[in-house]
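Chemist: Residue numbers (UniProt numbering): 75 to 603. Dropping a structure here in structure tokens format, bear with me for questions.
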Amino acid sequence: SGPETRTPTGAETGAPQSAVAQQGAYLTTANGTRLADTDHSLKAGPRGPVLLQDHHLREKITHFDHERIPERVVHARGAAAHGVFEANGAAEGVTKAAFLRAGTRTRVFVRFSTVLGSRGSADTVRDTRGFATKFYTREGVYDLVGNNIPVFFIQDAIKFPDIIHAGKPHPDREIPQAQSAHDTFWDFVSLHTEAQHHTMWNMSDRGIPRSYRMMQGFGVHTFRLVNEAGETSLVKFHWRPKLGTHGLTWEEAQLLSGKDPDFHRRDLADAIEAGAHPQWTLALQVMPDTPEETFEGIDLLDPTKIVPEELCPLQEIGTMTLDANPSNFFAETEQVAFHPGHLVPGIDVTNDPLLQGRLFSYIDTQITRLGGPNFAQLPINRTHADVNDMLRDGMHQTAVHAGVAPYKPNSLDGGCPFHAGADEGAFIEVPAPVAESVKERSQPASFDDHFTQVRLFYRSLTPIEQQHVADAYAFELGKCYEQAIKERQLRALAAIDAELCAIVAGSLGLPVPEPEVEVGDPEPSPALR
Ligand code: HEM
């Protein structure tokens, strides 16, 4: 343990990270030939036409024509910062991850985002926020790719394209954007009532954070930790902002969207530049790793459920400080590539079916977004550990690999056999049992309770917070054109809380319905009463 002693990289200091760009006294072509003029095209005489021969003109315009890369398919709008994470050692008993040993300092890069809006959309919309952290540990990159809301809309990744299609702008007119106020969103969440929990958090003050500096972050899924002795536990990750958790009122958010659509981006950059470095503590909820993978009756593989802190208190394991702004938005914020499968020894995934699908999705989308399979070589994505892989070639390969035998083991390249190195810091998946019957498209019965925890959340709020929730439902549902969708969503609210349903129905001028399904009420699980 102890502080890492590696030489800081450009990413760590926030300094420009390219050794090739914009150096030297003269303007040159991309290939280094000195230029005499960059303001006038080469012409046949002063009045033209312009000659095809002008290499500088063609290079300058061609490169410009290709400046844009596709925006992220979700979380396109974001802002990021560099920082440092310092562990306090409290996690040493449950994980062997070296960066969580007492006193270890690890450089991090954090990207905050909205989910639905495009790259140029406004910051202060009602939406979930991404909270993705890249830890450059000496055992490899560890990514904690979380959100500011502790649950997710769906329980199985196969429905991710559906919920995102429902939330993104309509395909015909490309409106509305970055708001949940439209028919397809409410159609989806009223037809898929597992989404009601996440939606209630969106309708609460959590849906419009005051600042990225004042947001909690959650790993959402349950992860499996393994310690030096090989013992495992099931955990949930929580980021807690030192500035407290604050929201904007809907009126403030609407005004800000007009006056300063970059409000959150500006706030983060200005604070860091002024030396007001935002901080978060990282905390764990640690639960026993039992064959059932439940805790106090809560299914830990269901990403639509929380574990209440009263049942499993948080244990702080370290502090993160964001201390430097990116020096180039494109190179760092835009090109950073997070992946929930970037793990280090001591941290493993569970069989949460949402998490399992994410493990496939991120690398797949990044191959398109970042133009091929070599984006791990981009400065912002580069690990601070040694890399010795057998990956070769591909678009945008920048490594010049040596040797003649790109496979292991081999008898040609200096006799360097591959060995697993289980005892020497290699990542080993924790063996986990699978059910006797495989190839099922079903899910556990415990995934069917869609309302108990939503009610728990609503009833935990103060009266003014409950008022905000009711106002948000009324406003957002009021934007639906289809009466049947409003009525179906009211039936879901009736199953959550009759009083809330009555207030929202009253605001919409609709009759108060009977709940469509009887779930949970009046007997919530003992743990959640
Ligand atoms: C991007 C979180 C579920 C696919 C992101 C980002 C975050 C995030 C924070 C932004 C990363 C960045 O800043 O670059 C989450 C959380 C989820 C979740 C917390 C559930 C608990 C899913 C699922 C899928 C998915 C189920 C697909 C099956 C994607 C994709 C991107 C993305 C494709 C864009 C990545 C890129 O272009 O770099 N997600 N996500 N996510 N997520 Fe998720």
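C-beta atoms are modelled at their ideal positions from N, C-alpha and C, and glycine is treated no differently.
List in chain order: all unbroken alpha helix (DSSP H) runs of 4+ residues lying wholly within the region 98-153.
Modeler: Here the runs fully enclosed are 129-139.
Chemist: Who are the Cβ neighbours of residue 639 in its own chain at under 7 Å, not counting the five residues just before and after it?
Modeler: Only positions 75 to 603 of the chain appear in the structure, and residue 639 is not among them; the question remains open.
Chemist: Give every residue of the same chain whose Cβ lies closer than 7 Å to the Cβ of P585, excluding the five residues on either side of it in the sequence, and list them in chain order.
Modeler: Numbered from its first residue, the sequence shown carries residue 585 at position 511. Within the same chain, P585 has close Cβ partners A579.
Chemist: Determine the direct distance from the alpha carbon of L582 to that of Q557, and round the result to whole angstroms.
Modeler: Residue 557 sits at position 483 when you count from the first residue of the sequence shown. Residue 582 sits at position 508 when you count from the first residue of the sequence shown. About 10 Å.
Chemist: For a quick check, are the C-beta atoms of T180 and F173 less than 8 Å apart?
Modeler: Position 106 of the sequence shown, counted from the start, is the residue given in the question as residue 180. Position 99 of the sequence shown, counted from the start, is the residue given in the question as residue 173. Against a cut-off of 8 Å, the Cβ pair of F173 and T180 comes out as a contact.
Chemist: Can you tell me whether V478 is buried or exposed, with buried defined as 16 or more other CB within 10 angstroms of its CB?
Modeler: Along the sequence shown, read from residue 1 onward, the residue named residue 478 stands at position 404. Exposed: under 16 other Cβ atoms inside 10 Å.
Chemist: Does T207 come out as helix, strand or coil in the three-state DSSP assignment?
Modeler: Translated into the one-based positions of the sequence shown, residue 207 becomes position 133. Three-state result, T207: strand.
Chemist: Under the three-state reduction of DSSP, which class applies to K333: helix, strand or coil?
Modeler: Position 259 of the sequence shown, counted from the start, is the residue given in the question as residue 333. It is helical.
Chemist: Is L428 a contact residue of the ligand HEM, with contact defined as CB to any heavy atom under 7 Å?
Modeler: Position 354 of the sequence shown, counting from 1, holds the residue named residue 428. Yes; taking the cut-off as 7 Å, the Cβ of L428 has a heavy atom of the ligand HEM nearer than that.
Chemist: What are the boundary residues of the beta strand (DSSP E) that A398 is part of?
Modeler: Residue numbering aside, residue 398 sits at position 324 when the sequence shown is read from its first letter. Segment Q389 to A398, the beta strand (DSSP E) holding A398.
Chemist: Fully enclosed by the region 405-492, which beta strand (DSSP E) runs are 3 residues long or longer?
Modeler: Counting only runs of 3 or more, we get nothing.
Chemist: CB of S187 to nearest heavy atom of the ligand HEM: below 7 Å?
Modeler: As a first step, residue 187 must be located in the sequence shown, where it is residue number 113. Yes, Cβ of S187 sits closer than 7 Å to a heavy atom of the ligand HEM.
Chemist: Does any heavy atom of the ligand ATP sit closer than 7 Å to the C-beta of V148?
Modeler: Looking at this structure, you won't find the ligand ATP anywhere; what it does contain is the ligand HEM.
Chemist: On the premise that A164 lies in contact with Q389, defined as a C-beta separation below 8 Å, what is that separation, rounded to the nearest angstrom?
Modeler: On the sequence shown, residue 389 is found 315 positions in, with the first residue counted as 1. On the sequence shown, residue 164 is found 90 positions in, with the first residue counted as 1. About 6 Å; that satisfies the 8 Å criterion.
Chemist: Based on the DSSP output, what are the partners of T267 in its beta bridges?
Modeler: What you label residue 267 is simply residue 193 of the sequence shown in a count that begins at 1. T267 is not bridged to any residue.
Chemist: Going by DSSP, what residues sit across from W354 in a beta bridge?
Modeler: For the purposes of this step, residue 354 is taken as residue 280 along the sequence shown, with counting starting at 1. For W354, which the question treats as bridged, DSSP gives the partners P315 and M394.
Chemist: Nearest CA to the CA of T202: which residue from V184, T273, T169 and G177?
Modeler: Position 128 of the sequence shown, counted from the first residue, corresponds to residue 202. The candidate whose alpha carbon is nearest that of T202 is T273.
Chemist: Counting Cβ pairs, one atom from each stretch, are 3 or more of them under 8 Å apart for the region 377-385 and the region 449-464?
Modeler: No, the region 377-385 does not touch the region 449-464.
Chemist: How would you call F138, buried or exposed, if buried means at least 16 neighbouring beta carbons within 10 angstroms?
Modeler: On the sequence shown, position 64 is the one that residue 138 refers to. Exposed, since its Cβ has fewer than 16 Cβ neighbours within 10 Å.
Chemist: Name the DSSP beta bridge partners of V309, please?
Modeler: Counting from 1 along the sequence shown, the entry for residue 309 is found at position 235. In the DSSP output, where bridge partners are listed per residue, V309 has F297 and V360.
Chemist: Any idea what DSSP makes of G583, helix, strand or coil?
Modeler: The residue given as residue 583 occupies position 509 in the sequence shown. It is coil, neither helix nor strand.
Chemist: Rounded to whole angstroms, how far is the Cβ of L396 from the Cβ of I143, which I believe are closer than 8 Å?
Modeler: On the sequence shown, position 322 is the one that residue 396 refers to. On the sequence shown, position 69 is the one that residue 143 refers to. No, L396 and I143 are not in contact; Cβ-Cβ is about 25 Å, not under 8 Å.
Chemist: Within 10 angstroms of the Cβ of A476, are there 16 or more other Cβ atoms? Answer buried if so, exposed if not.
Modeler: Residue numbering aside, residue 476 sits at position 402 when the sequence shown is read from its first letter. By the 10 Å Cβ count, A476 comes out exposed.
Chemist: Just to confirm before moving on: does the CB-CB distance between P315 and M277 stay below 8 Å?
Modeler: Residue mapping note: residue 315 aligns to position 241 of the sequence shown, counting from 1. Residue mapping note: residue 277 aligns to position 203 of the sequence shown, counting from 1. No, the pair does not count as a contact, with Cβ atoms beyond the cut-off.
Chemist: Under DSSP, the alpha helix (DSSP H) around G220 begins and ends at which residues?
Modeler: Translated into the one-based positions of the sequence shown, residue 220 becomes position 146. Looking at the DSSP string, G220 is not in any alpha helix (DSSP H); the run it does join, the beta strand (DSSP E), is G214 to N221.
Chemist: Under the three-state reduction of DSSP, which class applies to R185: helix, strand or coil?
Modeler: Along the sequence shown, one-based indexing puts residue 185 at 111. R185 falls in the strand class under three-state DSSP.
Chemist: Can you tell me the Cβ-Cβ gap for E550 and P587, rounded? I've got them flagged as a contact below 8 Å.
Modeler: Position 476 of the sequence shown holds residue 550. Position 513 of the sequence shown holds residue 587. Actually they do not touch by this definition, with Cβ atoms about 18 Å apart.
Chemist: Is it buried or exposed for P419, if we count other Cβ within 10 angstroms and need 16 for buried?
Modeler: Position 345 of the sequence shown, counted from the first residue, corresponds to residue 419. Buried, by the Cβ-count rule.
Chemist: Would you mind working out which of Q409, A405 and L358 sits nearest I391, comparing C-alpha positions?
Modeler: What you label residue 391 is simply residue 317 of the sequence shown in a count that begins at 1. Ranking Q409, A405 and L358 by Cα distance to I391 puts L358 first.
Chemist: Between L440 and the ligand HEM, is there a pair consisting of the residue's CB and a ligand heavy atom that are separated by less than 7 Å?
Modeler: In the sequence shown, the residue the question calls residue 440 occupies position 366. It is Gln, not Leu, that sits at residue 440 in the sequence shown. Yes, the ligand HEM has a heavy atom inside 7 Å of this Cβ.
Chemist: Identify the continuous alpha helix (DSSP H) that holds K170 and give its terminal residues.
Modeler: On the sequence shown, residue 170 is found 96 positions in, with the first residue counted as 1. Premise fails: K170 is in no alpha helix (DSSP H) and is neither H nor E.
Chemist: Determine the closest residue to P335 out of I577, G194 and A176, with distance taken between C-alpha atoms.
Modeler: Looking up residue 335 in the sequence shown gives position 261. Ranking I577, G194 and A176 by Cα distance to P335 puts G194 first.
Chemist: Grab the span of the alpha helix (DSSP H) containing P235 for me, first residue to last.
Modeler: Stepping through the sequence shown from its first residue, residue 235 is reached at position 161. Taken as a continuous stretch (DSSP letters only), the alpha helix (DSSP H) holding P235 covers F234 to G241.
Chemist: Considering F531, what are the terminal residues of the alpha helix (DSSP H) in which it resides?
Modeler: Residue numbering aside, residue 531 sits at position 457 when the sequence shown is read from its first letter. Run containing F531: T526 to S534, per the alpha helix (DSSP H) assignment.
Chemist: Could you check what DSSP says for F259 in three-state terms: helix, strand or coil?
Modeler: Looking up residue 259 in the sequence shown gives position 185. It is helical.
Chemist: When you compare each of V225, L116 and L218 to K208 by their alpha carbons, which one comes out closest?
Modeler: Stepping through the sequence shown from its first residue, residue 208 is reached at position 134. It is L218.
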